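Visitor: Dumping the structure here so I can ask a few things about it.
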Ligand SMILES: [Zn+2]
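Residue numbers (the numbering used here): 241 to 556.
And the structure:
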């Protein structure tokens, strides 16, 4: 037994090594499956040492990702109210770093431009991201619909890439806009209030200074960029799991496997019958996930033909 681990951590580690899911381990050891994020936090921070996490079953390939860009460098004479012409562009933006992970898996992929930032040649980042996107059924990001995926598309098409295989997008900012009125919809605020894995705020290099120092190839700045970027996708995953149950416009994960068993959008198989759902003239079995609480409904109308015949509808 590793004496650096608490009793709970040791028990969780043993269960995971026997093939239990993180959620099962949370339920057995920590009494609540919602404590899953505690175990994810332990794993992400190496508190359980080397441990292999079993993959979620019958799930689509879901990529969580975040990119950082270099700034466009412009020539100007004043600070305020400036409009720049194309001939005032000194350097175009490019990909500075990315981090990504597969939903439910522990490995975080990260690459950056350290050592070659002066070349502005981001090909190796574009290649890696293209391969990940090509494999993904679904891509999740914060503000990724209008920022990350379009920026990547721009770099890919400018560099002669073909489009990656089609994927659906889930944007945590969109889910936040549709369902909640928070004080702020920034990842920093939302993960600070709701997640154990919080988005890091900058350490030694505050704000733009971090980008400036990375462009100067300062190793300390790259280290900070790495920590900051990696933590973004880890906290994004936790936030996504919190949000998913509330979002009724969610992608149906069950389209991505051939099984009859329902898999929840959080990856859980513990889905039970829970009341009924009604549309204008039909009644359906309703289900609830015991882990995240998401509701879904069946597609078979439970009304008999006679009942359907007897129903009146609104006009117009
Ligand atoms: Zn669920």
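For every residue, glycine included, the Cβ atom is placed at its ideal position computed from N, Cα and C.
Just so you know, these numbers come straight off a predicted model, no measurement behind them.
Quick one: give me the first and last residue of the beta strand (DSSP E) that residue 207 is part of.
Guide: There is no way to answer for residue 207, as the model of the chain reaches only from 241 to 556.
Visitor: Going by DSSP in three states, residue 557 sits in which element: helix, strand or coil?
Guide: Since the first residue shown for the chain is 241 and the last is 556, residue 557 is missing from the structure and cannot be characterised.
Visitor: Below 8 angstroms between beta carbons: does that hold for residue 269 and residue 251?
Guide: Result yes, Cβ atoms of residue 269 and residue 251 sit closer than 8 angstroms.
Visitor: Which residues have a Cβ closer than 5 angstroms to any heavy atom of ligand 1, listed in chain order?
Guide: Taken from the N-terminal end onward, the list reads 504, 506, 508, 529, 531, 532 and 534.
Visitor: Please classify residue 331: does DSSP put it in a helix, a strand, or coil?
Guide: Three-state result, residue 331: strand.
Visitor: Counting C-beta neighbours from all protein chains within 10 Å, is the total for residue 282 16 or more, i.e. buried, or is it exposed?
Guide: Classification of residue 282: buried, given that the 10 Å Cβ count is 16 or more.
Visitor: What is the DSSP secondary structure of residue 441, counted as helix, strand or coil?
Guide: In the structure shown, residue 441 sits in coil (DSSP, three-state: anything other than H, G, I, E or B).
Visitor: Within 10 Å of its beta-carbon, does residue 266 have 16 or more other beta-carbons around it, so buried, or fewer, so exposed?
Guide: By the 10 Å Cβ count, residue 266 comes out buried.
Visitor: Residue 552 to residue 521, Cα distance in whole Å?
Guide: Distance between the alpha carbons of residue 552 and residue 521: 8 angstroms.
Visitor: By the three-class DSSP mapping on this structure, what secondary structure does residue 528 have?
Guide: Three-state DSSP puts residue 528 in a strand.
Visitor: With a Cβ-Cβ cutoff of 8 angstroms, do residue 384 and residue 437 count as a contact?
Guide: Going by C-beta atoms, residue 384 is not nearer than 8 angstroms to residue 437.
Visitor: Which parts of the stretch 372-414 are runs of the alpha helix (DSSP H), unbroken and 4 residues or longer, counting only runs that do not cross its ends?
Guide: Segments of the alpha helix (DSSP H) lying fully in the stretch 372-414: 388-398.
Visitor: Quick check: the stretch 396-406 against the stretch 458-471, are there 3 or more CB pairs under 8 angstroms?
Guide: No, because fewer than three Cβ pairs between the stretch 396-406 and the stretch 458-471 fall closer than 8 angstroms, the two stretches do not touch.
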